[in-house]
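If you read the protein sequences in the order shown, they are chains P and Z. For the first sequence, numbering that gives the first Met the number 0 gives the first residue as 0, with consecutive numbering after it. For the second sequence, numbering that gives the first Met the number 0 gives the first residue as 0, with consecutive numbering after it. I have placed the structure first, in the form of C-alpha cells, so that the comments after it can refer back to it.
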Amino acid sequence: MAQQQNKLKLYSYWRSSCSCRIRIALNLKGLDYQYIPVNLLKGEQFSPEFRKLNPIGYVPVLVDGDVVISDSLAIFLYLEEKYPQIPLLPSDLLKKAVNIQAANIVCSSIQPLQNLDVLKYIEEKVSPDEKVPWVKFHIEKGFGALEKLLKDHAGKYATGDEVAMADAFLAPQIHAGIKRFNVDMAKFPLLTRLNEAYRELPEFEKAMPENQPDAPPA
Amino acid sequence: MAQQQNNLKLYSYWRSSCSCRIRIALNLKGLDYEYIPVNLLKGEQFSPEFRKLNPIGYVPVLVDGDVVISDSLAIFLYLEEKYPQIPLLPSDLLKKAVNIQAANIVCSSIQPLQNLAVLNYIEEKVSPDEKVPWVKFHIEKGFGALEKLLKDHAGKYATGDEVAMADVFLAPQMHAGIKRFNVDMAKFPLLTRLNEAYSELPEFEKAMPENQPDAPSA
Chain P
0 MAQQQNKLKL YSYWRSSCSC RIRIALNLKG LDYQYIPVNL LKGEQFSPEF RKLNPIGYVP
60 VLVDGDVVIS DSLAIFLYLE EKYPQIPLLP SDLLKKAVNI QAANIVCSSI QPLQNLDVLK
120 YIEEKVSPDE KVPWVKFHIE KGFGALEKLL KDHAGKYATG DEVAMADAFL APQIHAGIKR
180 FNVDMAKFPL LTRLNEAYRE LPEFEKAMPE NQPDAPPA
Chain Z
0 MAQQQNNLKL YSYWRSSCSC RIRIALNLKG LDYEYIPVNL LKGEQFSPEF RKLNPIGYVP
60 VLVDGDVVIS DSLAIFLYLE EKYPQIPLLP SDLLKKAVNI QAANIVCSSI QPLQNLAVLN
120 YIEEKVSPDE KVPWVKFHIE KGFGALEKLL KDHAGKYATG DEVAMADVFL APQMHAGIKR
180 FNVDMAKFPL LTRLNEAYSE LPEFEKAMPE NQPDAPSA
C-alpha cells in the first residue's frame, strides 16, 4: 500500500462512470479512501455542504487533506503526480498520448452524451423512446473509434501489457454500455476482449457500480 | 522562439474550436508549424490520406517528425512535456488541477454538445429550429460552471496572472459562443473580462478562426 498522510475521501455515486474511473485508479494505486455517497437522483449534489466542496455539483470529488479536486480527468492526473509509485501512464510520449486520447474519447465523445441532464432533455424535447437509441448511437460511435485507435497499440490491456489510464476510463464505459444500454459488443471484438481482461482484476471489480456501498440491494 | 528539431505540422479546420486550442498553444510556446487544412464540411477528414494519419477522422492532428498525435487534450499535454520551455501548466498541484478541470468543462461538457454530428442529429430527430437553443443551453450551463470554478482562482487570466491551459481551452469556446451561437455574455462577467484579456494577446488573435488560411474570405 502506498504511504498516505491523510485518508483520502471520495465523493461518489455508485452508478456514475466518472466516479468509477477514480475508484479503479485508487484501487490500482493501492490507496485507501473513505467512500462518501452523493445520491444524484435525490439531488444531494445540490446540498449546501456538497456545494461548498464543489459548487458545480458534479461527482466525483477527491479530498486529500486540504486539497479538494473535482473532475475525473483532473483527479486522475493529480493522483498520477502525487502518488507516482504505481504509475498509470507510460513514460513514452506517444503511448502516453494514446492513453490520454482514449480516455478523452470516453470523457468527451461518449459519457457526456449519456448523462442525466442530456437524457432528461432528450426525453422532454424528443420522446422517452429516443433516449436509448440516442445513447447507443453515441456509445457505438465512440467504441468504433476506440477499436480503431487501440488496434495498433493494445496488448493484454488497452495500450500494452500493463494496465494504464485508457483501461481505467474504458472499463466503466463498457460496463455502462452493456449493463444499462444493451450495446451489441459483438461489433467491438477488441473492447470485448479487454472487458474480459478487466473482469479478472479485483481492482476493477471492486470499483464496479454494483459493488459500491450506495448501490441498491441486488 | 523555442529550438525545433522537427517541423511541426498541424492538421486543422479554421472553425474547429479543438484545432484553435492547439493553434493558441503552439503560438504561446513560440513553435512554428505548417498549417494543413482539412475541410470538414467537404468530408476531407474521410479521405484515405487523412484516415492513414487519424483513422477516427477528427481534427486537430499534430505531426512531430515520426510522431502523430490526435485529440486536442492529448496533443496539448504532449506539447507541455516535449516543449517545456514556456510552460502552460502551473507546477502547484491544485492550480494545475483547476486548469485541467476548466479545460475539461469545455472539452467534455460544452464542445461535444455543439459539434457537427450532434447538431445534424438534432436537426433530423427534433427540428432545425432546436439546434441553436440546444447549443445555447449547454454553453450557458458550462459557462455558469466555469464562472463558479474560476471565481476563487482567476487573476489577470483564468487561474492567475499567467496564461495557462484553462485560457487556451476557454478562448476558442467563448469565441464560438459569441460569434456562432449568440450567447448572452452579460450573465458571465468573469468570462467576459477574460475574453477581453485574450483579445489583447497576439498569440490568441492569430489563432482565431477568421485568421486561418482556410477561413472563407470575409
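Just so you know, even glycine gets a beta-carbon here, dropped at the ideal spot from N, CA and C.
*Please report the residue range of the beta strand (DSSP E) in which residue 7(Z) lies.*
7 to 11
*Report yes or no: is there a C-beta of chain Z within less than 8 angstroms of the C-beta of residue 100(P)?*
Taking Cβ atoms only, chain Z reaches closer than 8 angstroms to residue 100(P), which makes this a yes.
_8 angstroms Cβ shell around residue 108(Z) - same chain, five flanking residues per side excluded_ = 137, 140, 141, 144
*Separation of residue 70(P) from residue 80(P), as counted between CA atoms*: Their Cα atoms are separated by approximately 16 angstroms.
*Among 88(Z), 68(Z), 54(Z), which residue has its Cα nearest to the Cα of residue 158(Z)?*
88(Z)
*chain P residues whose Cβ lies nearer than 9 angstroms to that of residue 112(Z)*: 111, 112, 117
*Identify whether residue 67(P) lies in helix, strand or coil by the three-state DSSP scheme.*
Correct three-state label for residue 67(P): strand.
*Please list, in chain order, all residues of the same chain as residue 198(Z) whose beta carbon is under 8 angstroms from its beta carbon, the five residues on each side excluded.*
204
*Residue range of the unbroken beta strand (DSSP E) whose run includes residue 155(Z)*: Annotation for residue 155(Z): no beta strand (DSSP E) segment contains it, and DSSP assigns it neither H nor E.
_Contact between the region 73 to 89 of chain P and the region 141 to 148 of chain P is defined here as three or more beta-carbon pairs at a separation below 8 angstroms; is this criterion met?_
no
*Any C-beta of chain P sitting closer than 8 angstroms to the C-beta of residue 100(Z)?*
yes
*Backbone CA spacing between residue 63(P) and residue 7(P) [nearest angstrom]*: 5 angstroms
*CB contact flag (residue 55(P), residue 72(Z), <8 angstroms)*: no
*Should residue 19(P) be flagged as near chain Z, meaning a C-beta pair shorter than 8 angstroms?*
no
*Are the C-beta atoms of residue 0(P) and some chain Z residue less than 8 angstroms apart?*
Model confidence at residue 0(P) stands at a pLDDT of 48, short of 50, so the residue's coordinates are unreliable and nothing is read from them.
*Can you say whether residue 31(Z) is buried or exposed, counting buried as having 16 or more other CB atoms within 10 angstroms of its CB?*
exposed
*For residue 197(P), the first and last residue of its enclosing alpha helix (DSSP H)*: 188 to 198
*Does the ligand GDP have even one heavy atom less than 7 angstroms from the beta-carbon of residue 173(P)?*
With respect to the ligand GDP, the structure shown offers nothing to examine, as it has no ligands at all.
*chain P within 8 angstroms of residue 119(Z), Cβ atoms only*: no
*Look at the Cβ atom of residue 137(P), then the Cβ atom of residue 109(P), and state whether they are nearer than 8 angstroms.*
yes
*What residues match up with residue 76(P) in a beta bridge as DSSP calls it?*
Beta-bridge pairing links residue 76(P) to no other residue.
*Hey, is the region 74 to 84 of chain Z in contact with the region 16 to 28 of chain Z, meaning 3+ C-beta pairs nearer than 8 angstroms?*
yes
*What are the residues of the region 64 to 85 of chain P that lie near chain Z, defined by any Cβ-Cβ distance shorter than 7 angstroms?*
66, 68, 69, 70, 72, 73, 76, 77, 80, 81
_Short CB-CB distance (under 8 angstroms) between residue 162(P) and chain Z_ = no
*Extent of the continuous beta strand (DSSP E) to which residue 34(P) belongs*: 32 to 36
_Can you look up residue 0(P) in the DSSP assignment and give me helix, strand or coil?_
Bear in mind that a pLDDT of 48 at residue 0(P), under 50, signals an unreliable position, so the number given afterwards is only what the model happens to contain. Residue 0(P) sits in coil when the DSSP states are folded into three classes, being neither helix nor strand.
*Supposed contact pair residue 10(P) and residue 52(P) - C-beta distance, whole angstroms, cut 8 angstroms*: 7 angstroms
_Quick check on DSSP: helix, strand or coil for residue 145(P)?_
Of the three classes helix, strand and coil, the one that applies to residue 145(P) here is helix, per DSSP.
*asked:* Below 8 angstroms, how does it come out for the region 86 to 94 of chain P and the region 52 to 61 of chain Z: are there three or more Cβ pairs, yes or no?
replied: no
*asked:* Quick check on this structure: which residue in 189(Z), 15(Z), 126(Z) has the alpha carbon closest to the alpha carbon of residue 211(Z)?
replied: 15(Z)
_N- and C-terminal bounds of the beta strand (DSSP E) containing residue 68(Z)_ = 66 to 69
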